[in-house]
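Each residue of the sequence shown is one higher than the one before, starting from 1 at the first, in UniProt numbering.
The C-beta atom is built at its ideal place from N, Cα and C for all residues, glycine as well.
The structure displayed is predicted, hence computed values, not measured ones.
Notes follow once the structure below has been shown.
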Amino acid sequence: MKKNLNRHAYLLRVMEEEPRVLFFTFAVSAILHMIFFAALIFVPGPKPYKHFSPSVINVSMVTLPGQKKAPGRLTGFELEKKIAKPEKAPVSRISPERVAKSDRDSSKAISVSPKRKRIKKSLKKKTFKSSRVVKSVIARVEKKVEEARPNPVAEAIDRLKNKVAIDRKEPQSGTGATSSSISVPGSPGGGGKKALELIDIYRAQISYYIEKNWAFSKQLAGGRTDLAAVVVIRIMRNGEIKDVWFEKKSGNSYFDESAYKAVMKSNPLPMLPKGYLRPYYNLGLIFTPSGLR
Numbered sequence: 001m002k003k004n005l006n007r008h009a010y011l012l013r014v015m016e017e018e019p020r021v022l023f024f025t026f027a028v029s030a031i032l033h034m035i036f037f038a039a040l041i042f043v044p045g046p047k048p049y050k051h052f053s054p055s056v057i058n059v060s061m062v063t064l065p066g067q068k069k070a071p072g073r074l075t076g077f078e079l080e081k082k083i084a085k086p087e088k089a090p091v092s093r094i095s096p097e098r099v100a101k102s103d104r105d106s107s108k109a110i111s112v113s114p115k116r117k118r119i120k121k122s123l124k125k126k127t128f129k130s131s132r133v134v135k136s137v138i139a140r141v142e143k144k145v146e147e148a149r150p151n152p153v154a155e156a157i158d159r160l161k162n163k164v165a166i167d168r169k170e171p172q173s174g175t176g177a178t179s180s181s182i183s184v185p186g187s188p189g190g191g192g193k194k195a196l197e198l199i200d201i202y203r204a205q206i207s208y209y210i211e212k213n214w215a216f217s218k219q220l221a222g223g224r225t226d227l228a229a230v231v232v233i234r235i236m237r238n239g240e241i242k243d244v245w246f247e248k249k250s251g252n253s254y255f256d257e258s259a260y261k262a263v264m265k266s267n268p269l270p271m272l273p274k275g276y277l278r279p280y281y282n283l284g285l286i287f288t289p290s291g292l293r
C-alpha cells in the first residue's frame, strides 16, 4: 500500500515537472537550430579550387636549309684527272690604241700629286714676340726718319748766328718782339757776347719745342699759304710763360687759334740760361703754314 502511494506521488511529481522539461528541451533545440542556420548564412563556405592552366607559347617550326655535305676524299684517279687537265686562262687581246690610252691615263694619275693639307701652326711664339718685332720696326723707322730729316735745332742756331752777325754790323732801332729778344742779351746787365750766344741757342730750342706741339692742317685753313701770325710770349726765369699776345694776326681764326694753343700747350718752357740776368725774356714767334720762324 505504501509503495503504491509512493508511485502515485512520483507520477504526480513527474507530471508537474514535465512541462518544464519540455520547455527546456524545446528552448535548447531552438537555440541550436538558430546557431546552425546562422553559421550556414554568415560563415563563408570553402572557396572553389582554381585550376590554373599553364601558359601556352605558339611556336612555328621552320626547317633550316640543309647543310652541304662536305666533299668526300677524292680518289687518286680523280686527282690525276684534275692535275692532268689544267684549264687555260682566257687571253684577251688588247688593241695598241687602248694600251697607249691607258698609259696616258696612268701617267696623268701618277703625275698629279695629292694636295697636302696645311698644318695649322700655333701662333703662341709669334704672339709672344710681336712686341719685340713692333719695337724693332719702330726703332728702325725712327732712325731712318732722323737720318733723312735735317736737324731743325742746328739749322735754327746757324740761322740765328748769321742773323746776329748781321745785326752786329747794322744795329737795329725797332721795338718789335724779335728785335727786343735779340737786343736784350746785349743790354746792360746782360752778360756780353757769351750771354748773347746762350740766348740765341735758347731761342732755337724754344722754337723747336713749340713747333713740335703745333697741330695745324692746311685743308682746314682753306689751303692758303700766305698766312702769317706774330705771337710774342714773356718767359720768366723758371721757364713759365707769363703772358701771350698777338703782335699781328693772320686773319684766319683757325690759324690764329692753333698758334695760341701751341704756345699754351708748351707751358712751362725750359729755364732761361744762367748767363741771362734779366727776370724775364720776350720772344717773338712767326707762325706760317710752312712752319715756325
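Point to revise | Inter-residue spacing [alpha-carbon to alpha-carbon] between Phe287 and Ala229 | key: 5 Å
Practice item. May I have the straight-line CA-CA distance separating Tyr254 from Lys242, to the nearest angstrom? Key: 23 Å
Practice item. Note down the Cα distance separating Leu292 from Ser136, rounded to an integer number of angstroms. Key: Approximately 32 Å, taken between the alpha carbons.
Practice item. Flag this pair as touching only if the region 196-208 and the region 244-263 have three or more C-beta atom pairs under 8 Å; answer yes or no. Key: no
Point to revise | Expected contact under 8 Å - CB spacing of Ala262 and Asn213 to nearest Å | key: 5 Å
Review point. Assuming Gln205 and Pro268 make a contact with CB atoms under 8 Å, what is their CB distance in whole Å?
Key: Going by Cβ atoms, the distance from Gln205 to Pro268 rounds to 13 Å, so no, they are not a contact pair.
Practice item. Give the DSSP bridge partners of Lys248, in chain order. Key: Val230
Practice item. Have a look at the DSSP bridge pairing and note the partners of Gly284. Key: Val232
Check your understanding: Taking Cβ positions, are residue 299 and Val244 nearer each other than 8 Å?
Key -> Only positions 1 to 293 of the chain appear in this structure, which leaves residue 299 out of reach.
Review point. Expressed to the nearest angstrom, what Euclidean distance is found between the alpha-carbon atoms of Glu257 and Val231?
Key: 11 Å
Review point. For the alpha helix (DSSP H) that Lys265 lies in, which residues bound it at each end?
Key: Ser253 to Lys265
Review point. Leu283: buried (16+ other C-beta within 10 angstroms of its C-beta) or exposed?
Key: buried
Review point. In chain order, what residues of the same chain lie with their CB nearer than 8 Å to the CB of Phe42, ignoring the 5 residues before and after it?
Key: none
Check your understanding: Can the beta-carbon of Pro289 be found closer than 8 Å to that of Arg237?
Key -> no
Exercise for review: Select from Gly239, Ile31 and Leu285 the residue whose C-alpha is nearest the C-alpha of Lys274.
Suggested key: Gly239
**Study point:** Those residues which DSSP pairs with Ile241 across a bridge
**Key:** The secondary-structure analysis by DSSP pairs Ile241 across a beta bridge with Ile235.
Practice item. Take Ile210 as the anchor and find which of Met264, Ile31 and Thr63 has the nearest alpha-carbon. Key: Met264
Exercise for review: Can you have a look at residue 310 and say buried or exposed, based on whether 16 or more other CB atoms are within 10 angstroms of its CB?
Suggested key: Given that the chain is displayed from residue 1 to residue 293, the structure contains no residue 310 and the question cannot be resolved.
**Study point:** For Leu292, three-class secondary structure by DSSP
**Key:** strand
**Study point:** Exposed unless 16 or more other CB atoms sit within 10 angstroms - verdict on Leu40
**Key:** exposed
Point to revise | Supposed contact pair Leu285 and Ser217 - C-beta distance, whole angstroms, cut 8 Å | key: Contact doesn't hold; Cβ gap of about 19 Å is too wide.
Exercise for review: Given a cut-off of 8 Å, decide if Leu272 and Tyr281 are closer than it, judged by their beta-carbon atoms.
Suggested key: Remark: C-beta atoms of Tyr281 and Leu272 approach each other more closely than 8 Å.
Exercise for review: Consult DSSP for Ile206 and reduce its assignment to one of helix, strand or coil.
Suggested key: helix
Exercise for review: Grab me the residues of Thr127's own chain with a C-beta within less than 8 Å of its C-beta, minus the 5 sequence neighbours each way, in chain order.
Suggested key: Any answer about Thr127 is weak, because its pLDDT of 48 lies below 50 and its placement is not dependable; what the coordinates show is given next. Contacts found: none.
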